[in-house]
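In what follows, a single structure is set out as structure tokens and then discussed.
In this note's numbering, the protein residues as written are 168 to 318.
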């Protein structure tokens, strides 16, 4: 039987854990975006929904959820708050009453120009050139996809 000292010695250091690096980086990124988005009075989650809808307006709730890796229990209250803030509208699909279509309001469409600089400010805060930024993003996406595939 191992004593506590040998067990403790074999345990990984916090800074050696990839999961901790991802977690702490995510916290830092969220803190940065909170600061950048504060003047627009939107949250990071709302920003991601808006970016998805700026790419293609009028999407089903489940399509937005798939794109953002959010389940409907998380997404529905978020969309309700966004609707109350005059950022999106929600309506039942004509072809399928079970499906809800989310659309941008005029207010949200006008906001798109105001957030154009946010990604650039985030890149500046990361202090990475475009190549390094893209390589990091690509590696993170590969890691995410591999993890999801192997769950």
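The C-beta atom is built at its ideal place from N, Cα and C for all residues, glycine as well. The model shown is predicted, which means the values in this text are computed figures rather than measured ones.
Neighbour-count burial assignment, residue i, 16 or more Cβ in a 10 Å radius
| i | result |
| --- | --- |
| residue 200 | buried |
| residue 194 | exposed |
| residue 249 | buried |
| residue 280 | exposed |
| residue 217 | buried |
| residue 223 | exposed |
| residue 307 | exposed |
| residue 220 | buried |
CB of residue i within 8 Å of CB of residue j, strictly
| i | j | result |
| --- | --- | --- |
| residue 260 | residue 252 | no |
| residue 285 | residue 215 | no |
| residue 319 | residue 255 | Residue 319 cannot be examined here, being either before or after the span of the chain that is shown, 168 to 318. |
| residue 344 | residue 270 | There is no way to answer for residue 344, as the model of the chain reaches only from 168 to 318. |
Reduced DSSP category for residue i - H, G, I as helix; E, B as strand; rest coil
| i | result |
| --- | --- |
| residue 265 | coil |
| residue 228 | helix |
| residue 310 | helix |
| residue 218 | helix |
| residue 212 | helix |
| residue 239 | helix |
| residue 192 | helix |
| residue 270 | strand |
| residue 294 | coil |
| residue 315 | helix |
| residue 206 | helix |
| residue 185 | helix |
| residue 179 | coil |
Residues that DSSP places opposite residue i in a beta bridge
| i | result |
| --- | --- |
| residue 258 | 268 |
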